[in-house]
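Novice: Please see the structure below; I have some questions.
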Amino acid sequence: RLQCDCQHNTCGGSCDRCCPGFNQFPWKPATADSANECQPCNCNGHAHDCYYDPEVDRHKASRSREDKFEGGGVCINCQHHTTGINCERCIPGYYRSPDHPIDSPYICYR
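The opening residue of the sequence shown carries number 1 in UniProt numbering; numbering runs sequentially from there.
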């Protein structure tokens, strides 16, 4: 049985989807001019997976790793008491620490 050797952060039997954590933009096949590499979501270190949401993209509500509001990546299962599209806010009852950067596991405290 033949198996594709996926590149550019693609997964699947035919490399026809973005790998977990690389859904800032929708999957697109490569062209002669562009690899159309799947881009990582920006979950600020608080989640390992994300999905692409075209409505989030349309509203420019997701922040990319390049710190631009582009793409539609939505983080799944935010950890460290965080929530939000990019795990950028603290869950109710927790507060953002001024002493820690946004990617710190200690960003939110009671």
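For glycine and all other residues, C-beta sits at the position ideal for the given N, C-alpha and C.
All values reported here derive from a predicted model rather than from experimental measurement.
1. Just how far apart, CA to CA, sit Tyr94 and Arg110?
2. Confirm, please, whether the CB-CB distance from Pro20 to Asp57 is below 8 Å.
3. Based on Cα-Cα distance, which residue from Gly84, Ile102, Asn77 lies nearest to Ser62?
4. Go to Asp33, then tell me how far its beta strand (DSSP E) extends in each direction, as first and last residue.
5. Quick one: give me the first and last residue of the alpha helix (DSSP H) that Asp57 is part of.
Specialist: Working from what's here:
1. As a working mapping, residue 94 is identified with position 94 in the sequence shown. As a working mapping, residue 110 is identified with position 110 in the sequence shown. For Tyr94 and Arg110, the distance between alpha carbons rounds to 5 Å.
2. On the sequence shown, residue 57 is found 57 positions in, with the first residue counted as 1. On the sequence shown, residue 20 is found 20 positions in, with the first residue counted as 1. Contact check for Asp57 against Pro20 fails: the beta carbons are separated by 8 Å or more.
3. Locating residue 62 in the sequence shown gives position 62, counting from the first residue. Checked all of Gly84, Ile102, Asn77; the closest Cα to Ser62 is Gly84.
4. Your numbering for residue 33 matches position 33 in the sequence shown. Premise fails: Asp33 is in no beta strand (DSSP E) and is neither H nor E.
5. Residue mapping note: residue 57 aligns to position 57 of the sequence shown, counting from 1. Here the alpha helix (DSSP H) through Asp57 covers 54–58.
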